[in-house]
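Asks: With numbering that gives the first Met the number 0, letter number 436 in the first sequence gets 435, and the count goes up by one each step, no holes. Cβ atoms here follow ideal geometry from the backbone N, Cα and C, with glycine treated the same way.
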Amino acid sequence: MRLSKLFFQSLRDNPADAEVASHQLLLRAGLIRQVTSGIFEFLPLGMRVRQKVEQILREEMNAVDGQEMIMPVVQPAELWQQSGRWYQIGDDLMRMQDRSGRDMCLAMTHEEVIADLVSHSVNSYKQLPVVMYQIQTKFRDELRARGGLLRVREFTMKDAYSFHADFEDLDRYYPRMYEAYFRVFRRAGLDVVAIESDNGMMGGTMAHEFMAISEVGEDTLVLCRNCNYRANRQVATFRKTVVHPGARLPLESVHTPDCATIEDLAKYLDIAEDQTAKAIFLVATMVRSDTVEDVFVFCMIRGDMTLNETKLINAINAASLHPASEAEIRAVGAEPGYGSPVDVDLSHSLLVVDDLVAQSPNLVAGANKVNFHYKNLNYGRDYDGGLVADIVSAETGHSCENCGGELYSLRGVEVGNTFKLGTKYSETMDAYYSDNQGSSHPIVMASYGIGVGRLIACVVEQYHDENGIIWPLSVAPYAVHLISLATAKQTDVQTKAECLYEELKREGLEILYDDRADRAGVKFNDADLIGIPLQLTIGNRGLSQGKVELKVRRTGERHMLNADEVPVALAPFLQAEENLIQDLLARDIPQA
RNA sequence: CGGGGAGUAGCGCAGCUUGGUUAGCGCACAGCGUUUGGGACGCUGGGGUCGAAGGUUCAAAUCCUUUCUCCCCGACCA
Numbered sequence: 000m001r002l003s004k005l006f007f008q009s010l011r012d013n014p015a016d017a018e019v020a021s022h023q024l025l026l027r028a029g030l031i032r033q034v035t036s037g038i039f040e041f042l043p044l045g046m047r048v049r050q051k052v053e054q055i056l057r058e059e060m061n062a063v064d065g066q067e068m069i070m071p072v073v074q075p076a077e078l079w080q081q082s083g084r085w086y087q088i089g090d091d092l093m094r095m096q097d098r099s100g101r102d103m104c105l106a107m108t109h110e111e112v113i114a115d116l117v118s119h120s121v122n123s124y125k126q127l128p129v130v131m132y133q134i135q136t137k138f139r140d141e142l143r144a145r146g147g148l149l150r151v152r153e154f155t156m157k158d159a160y161s162f163h164a165d166f167e168d169l170d171r172y173y174p175r176m177y178e179a180y181f182r183v184f185r186r187a188g189l190d191v192v193a194i195e196s197d198n199g200m201m202g203g204t205m206a207h208e209f210m211a212i213s214e215v216g217e218d219t220l221v222l223c224r225n226c227n228y229r230a231n232r233q234v235a236t237f238r239k240t241v242v243h244p245g246a247r248l249p250l251e252s253v254h255t256p257d258c259a260t261i262e263d264l265a266k267y268l269d270i271a272e273d274q275t276a277k278a279i280f281l282v283a284t285m286v287r288s289d290t291v292e293d294v295f296v297f298c299m300i301r302g303d304m305t306l307n308e309t310k311l312i313n314a315i316n317a318a319s320l321h322p323a324s325e326a327e328i329r330a331v332g333a334e335p336g337y338g339s340p341v342d343v344d345l346s347h348s349l350l351v352v353d354d355l356v357a358q359s360p361n362l363v364a365g366a367n368k369v370n371f372h373y374k375n376l377n378y379g380r381d382y383d384g385g386l387v388a389d390i391v392s393a394e395t396g397h398s399c400e401n402c403g404g405e406l407y408s409l410r411g412v413e414v415g416n417t418f419k420l421g422t423k424y425s426e427t428m429d430a431y432y433s434d435n436q437g438s439s440h441p442i443v444m445a446s447y448g449i450g451v452g453r454l455i456a457c458v459v460e461q462y463h464d465e466n467g468i469i470w471p472l473s474v475a476p477y478a479v480h481l482i483s484l485a486t487a488k489q490t491d492v493q494t495k496a497e498c499l500y501e502e503l504k505r506e507g508l509e510i511l512y513d514d515r516a517d518r519a520g521v522k523f524n525d526a527d528l529i530g531i532p533l534q535l536t537i538g539n540r541g542l543s544q545g546k547v548e549l550k551v552r553r554t555g556e557r558h559m560l561n562a563d564e565v566p567v568a569l570a571p572f573l574q575a576e577e578n579l580i581q582d583l584l585a586r587d588i589p590q591a
């Protein structure tokens with residue numbers, strides 16, 4: 000492709016509203032443009048990267064028996080009502096009506112439609128297992144799009160769905176997809192970590208997330224330094240130990256002036272924060288079959304820990320949570336900042352006590368009176384009932400539940416996930432098959448997603464420097480960036496550049512040919528910005544000695560190649576770029 | 001939705017506090033000339049409903065009200 004003809008313009012300055020590196024570089028290198036919040040265009044250069052990624056996805060999905068198909072973006076409400084998600088999912092689901100007033104929505108994902116398809120098409124165990132996938136647009140009306148392609152509203156996802164006669168068959172298949180996922184990410188140059196995750200709105204029995212480790216990530220991973228425990232902080236567990244065991248002491252009320260925070264309280268009473276308990280007040284929205292109800296939730300957790308809202312949502316089976324207002328807190332007889340479950344009216348509320356608080360004797364907690372706390376608060380004596388569950392987050396420094404090793408945390412971007420859905424959708428969408436005895440069973444289902452744009456953003460996050468992007472060869476828009484420095488008078492250089500362009504194209508190489516009339520500096524800077532792995536410069540200086548100059552974008556190394564044997568001379572450098580990916584692929588795949 | 005910030009040419013910004021000619025600058029863009037191996041220089045030129053609506057005023061980019069959009073931080077996910 001001639002750069003002079005390419006629909007392309009680089010930006011010298013970073014657009015003011017782009018903060019993360021991948022967003023800035025993808026914009027500046029002319030790969031994408033934002034149309035409105037969270038909705039992007041992929042320009043020709045960006046489209047080529049996308050096609051590279053999609054090709055990898057196709058090859059790897061086909062390799063695990065996936066069959067490509069395509070499903071609609073606009074879907075009837077009925078299917079989502081049938082699965083129940085029409086009611087469970089909030090405003091993320093973009094709803095609308097067609098001209099006759101029929102409720103419709105934009106697909107956030109395609110479980111309903113494919114389960115519906117399978118319910119009509121699969122009748123016998125002989126048709127199972129079957130795996131289908133698509134590379135298709137999804138729309139999620141996110142609260143807040145951010146970070147360029149990292150978090151958008153309209154995006155392209157590779158979503159695959161597998162259907163099995165029973166869980167054993169799914170368990171046999173699932174590891175194949177898990178490994179295929181590692182191959183996809185590694186072929187694109189990304190090193191990822193697979194972790195246990197929450198099932199969220201997907202439901203089902205088990206889920207993994209594939210995380211690209213990055214400071215710009217929105218997720219926190221909890222990992223063990225000793226064993227291979229890895230989980231999203233939303234679900235990560237840890238070993239909880241009672242740090243101050245002992246016999247129960249009598250409850251007493253103490254005056255604690257100006258101790259609205261745990262830190263102040265511990266300091267004032269000269270105790271450790273792990274000897275305190277704190278109350279957290281939330282309102283949960285509970286969605287039952289056809290009712291929606293707000294319930295006040297009174298949580299007790301140890302003072303040095305933080306509430307984990309995902310765990311809480313799962314423990315009480317709520318649809319969503321939001322902080323309670325002061326009025327709502329006082330309505331049950333509690334005092335904000337000095338709350339405890341003693342002598343409050345919880346008849347219309349839900350008490351949830353973290354299991355560690357339930358086990359720990361003699362904690363200090365609020366006395367529901369400004370400037371007063373209780374000492375020696377004991378669950379089962381001073382208050383009881385409610386639900387006892389793990390509702391706090393694992394943090395750096397906690398102990399691994401499996402081995403006792405030290406936990407630490409990293410930030411990551413979720414580039415893919417896999418869900419063992421079980422029979423949730425097959426039952427609601429009526430997807431049953433007959434076994435060899437003629438009896439009917441729900442089909443066992445799983446779904447597997449990878450965000451194409453997010454994957455690209457993660458590649459750029461991982462592969463860039465201060466001058467621009469440094470594409471891995473496997474996803475680079477072109478393999479070689481040919482830069483002609485010919486001036487109007489240097490017709491010999493011009494001619495040689497044209498010949499070289501044609502020759503390299505004949506060799507089957509993907510070439511971006513900078514034939515523009517700009518000065519050298521402009522071209523070099525654009526080349527570094529775009530980030531094609533190999534830059535081939537042809538100018539009067541080298542050509543007068545029969546040479547062209549090769550620069551490896553990744554390392555900055557320069558080599559003089561004989562102008563007459565460029566394709567041959569180029570081969571080892573292309574191979575070296577290829578080898579980087581092969582090295583990544585050769586690594587062991589960590590077990591799920 | 002809560003908190004913070006910003007909307008002036010394709011991009012980056014100044015002007016606004018203290019209203020006053022024809023709204024400026026750099027980059028980008030077009031033409032001509034000189035240049036030509038790491039973002040050249042000169043001359044000329046095109047491009048703006050100053051986010052929108054309403055108001056105050058002799059006069060509004062500037063003051064007031066309303067509204068829309070975008071970005072960043074917190075509750076969601078590929």
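1) Less than 8 Å between the beta carbons of Glu40 and Arg47, yes or no?
2) Tell me which residues share the same chain as Asp64 and place their Cβ nearer than 7 Å to its Cβ, disregarding the 5 neighbours each side in the sequence.
3) Between Gly467 and Leu528, how many whole angstroms is the CB-CB distance? I'm expecting something under 8 Å.
4) Taking the alpha carbon of Glu576 as the point to measure from, which residue in Glu497, Ala478, Tyr124, Leu535 has its own alpha carbon closest?
5) To which residues does DSSP link Arg145 through a beta bridge?
6) Check this for me: beta carbons of Val551 and Leu503, under 8 Å apart or not?
7) Checking the sheet assignment: what are the DSSP bridge partners for Asn370?
8) Count the other CB atoms within 10 Å of the CB of Lys522; is the residue buried (16 or more) or exposed (fewer)?
9) Go to Tyr172, then tell me how far its alpha helix (DSSP H) extends in each direction, as first and last residue.
10) Is DSSP giving Gly507 helix, strand or coil here?
11) Using DSSP with H/G/I as helix, E/B as strand and the rest coil, what is Asn231?
12) Could you round the C-beta distance between Val241 and Cys298 to whole angstroms and report it? I think they count as a contact, below 8 Å.
13) Determine the DSSP secondary structure at Ala330, reduced to helix, strand or coil.
14) Assuming Arg27 is part of the alpha helix (DSSP H), what are its boundary residues?
15) Taking the CB atoms as reference points, tell me whether Glu272 and Ile261 lie closer together than 8 Å.
16) Give a yes or no on contact between the region 407 to 423 and the region 379 to 389, applying the rule of three or more CB pairs nearer than 8 Å.
17) Restricting to Cα atoms, I'd like to know which of Ala516, Ile38, Asn316 is closest to Val592.
18) DSSP state of Arg84, grouped into three classes?
19) Expressed to the nearest angstrom, what Euclidean distance is found between the alpha-carbon atoms of Gly415 and Tyr180?
20) Return the bridge partner residues of Leu549 from the DSSP annotation.
21) Going by DSSP, which residues form a beta bridge with Gln461?
22) Closer than 7 Å by C-beta to Ala235: which residues in its own chain qualify, once you throw out the five before and the five after it? Chain order, please.
23) For Gly419, which three-state DSSP category applies?
24) When you compare the CB positions of Cys402 and Asn122, do they come within less than 8 Å of one another, or not?
25) Roughly how many whole angstroms lie between the Cα atoms of His254 and Phe295?
26) How many angstroms separate the CA atom of Pro597 from the CA atom of Val341?
27) Could you tell me if Thr136 is buried or exposed, where buried requires 16 or more neighbouring beta carbons within 10 angstroms of its beta carbon?
28) Check whether the region 183 to 198 touches the region 455 to 472, counting contact only when three or more Cβ pairs, one atom from each stretch, lie closer than 8 Å.
29) Going by DSSP, what residues sit across from Cys298 in a beta bridge?
30) Tell me whether the beta-carbon of Ser213 lies closer than 8 Å to the beta-carbon of Val52.
Replies: Once the coordinates are examined:
1) Counting from 1 along the first sequence, the entry for residue 40 is found at position 41. Counting from 1 along the first sequence, the entry for residue 47 is found at position 48. Contact check for Glu40 against Arg47 fails: the beta carbons are separated by 8 Å or more.
2) Here residue 64 refers to the residue found at position 65 of the first sequence. When the five nearest sequence neighbours on each side are left out, the beta carbons in the same chain lying within less than 7 Å of the beta carbon of Asp64 are those of Val130, in order along the chain.
3) On the first sequence, position 468 is the one that residue 467 refers to. On the first sequence, position 529 is the one that residue 528 refers to. Between Leu528 and Gly467 the Cβ distance is about 4 Å, and since that is below 8 Å, they are a contact.
4) Here residue 576 is taken as the residue at index 577 of the first sequence, counted from 1. It is Ala478 whose Cα lies nearest to the Cα of Glu576.
5) For the purposes of this step, residue 145 is taken as the residue at position 146 of the first sequence. Arg145 is bridged to Arg150.
6) Here residue 551 is taken as the residue at index 552 of the first sequence, counted from 1. Here residue 503 is taken as the residue at index 504 of the first sequence, counted from 1. For Val551 and Leu503, no; Cβs fall outside 8 Å.
7) In the first sequence, the residue the question calls residue 370 occupies position 371. Answer by DSSP bridge pairing: none, since Asn370 is not bridged.
8) Here residue 522 refers to the residue found at position 523 when the first sequence is read from its first residue. Lys522 is buried by the Cβ-count criterion.
9) Along the first sequence, one-based indexing puts residue 172 at 173. For Tyr172, the uninterrupted alpha helix (DSSP H) run begins and ends at 166 to 186, by DSSP.
10) The sequence position of residue 507 within the first sequence is 508, counting from 1. Residue state, collapsed to three classes: coil.
11) Taking the first residue of the first sequence as position 1, residue 231 is located at position 232. When secondary structure is reduced to three states using DSSP, Asn231 falls in the strand class.
12) As a first step, residue 241 must be located in the first sequence, where it is residue number 242. As a first step, residue 298 must be located in the first sequence, where it is residue number 299. That pair is no contact at about 19 Å.
13) Along the first sequence, one-based indexing puts residue 330 at 331. The three-state reading of DSSP puts Ala330 in helix, counting H, G and I together.
14) On the first sequence, residue 27 is found 28 positions in, with the first residue counted as 1. Following the DSSP letters along the chain, one finds Arg27 inside the alpha helix (DSSP H) bounded by residues 20 to 27.
15) Counted from its first residue, the first sequence places residue 272 at position 273. Counted from its first residue, the first sequence places residue 261 at position 262. Closer than 8 Å, so yes.
16) Short answer: they don't touch.
17) With the chain represented from 0 up to 591, any question about residue 592 goes unanswered, as that position is not in the structure.
18) As a position in the first sequence, residue 84 is number 85, starting the count at 1. For Arg84, the three-state secondary structure derived from DSSP is helix.
19) On the first sequence, position 416 is the one that residue 415 refers to. On the first sequence, position 181 is the one that residue 180 refers to. The straight-line gap from Cα to Cα measures roughly 8 Å.
20) Here the question's residue 549 lines up with position 550 in the first sequence. Under the DSSP definition of a beta bridge, Leu549 partners with Leu535, His558.
21) The sequence position of residue 461 within the first sequence is 462, counting from 1. For Gln461, which the question treats as bridged, DSSP gives no partner whatsoever.
22) Taking the first residue of the first sequence as position 1, residue 235 is located at position 236. Shown here for Ala235: same chain residues with a beta carbon closer than 7 Å to its own, the five before and five after excluded, namely Val221, Ala393 in chain order.
23) Numbered from its first residue, the first sequence carries residue 419 at position 420. Looking at the sequence shown, residue 419 is not Gly but Lys. Lys419: strand per DSSP, three-state reduction.
24) Locating residue 402 in the first sequence gives position 403, where the first residue counts as 1. Locating residue 122 in the first sequence gives position 123, where the first residue counts as 1. It is not a contact, given that the beta carbons lie outside the stated cut-off.
25) Mapped onto the first sequence, residue 254 falls at position 255. Mapped onto the first sequence, residue 295 falls at position 296. In a straight line, the C-alpha of His254 is about 28 Å away from that of Phe295.
26) Nothing can be reported for residue 597: it is not among the residues displayed for the chain, which extend from 0 to 591.
27) Taking the first residue of the first sequence as 1, we reach residue 136 at position 137. Result: exposed.
28) Touching, yes, given that three or more Cβ pairs across the two stretches are closer than 8 Å.
29) Numbered from 1 along the first sequence, position 299 holds the residue referred to as residue 298. Note: Cys298 sits in a beta bridge opposite Ile279, Val351.
30) As a first step, residue 213 must be located in the first sequence, where it is residue number 214. As a first step, residue 52 must be located in the first sequence, where it is residue number 53. Contact check for Ser213 against Val52 fails: the beta carbons are separated by 8 Å or more.
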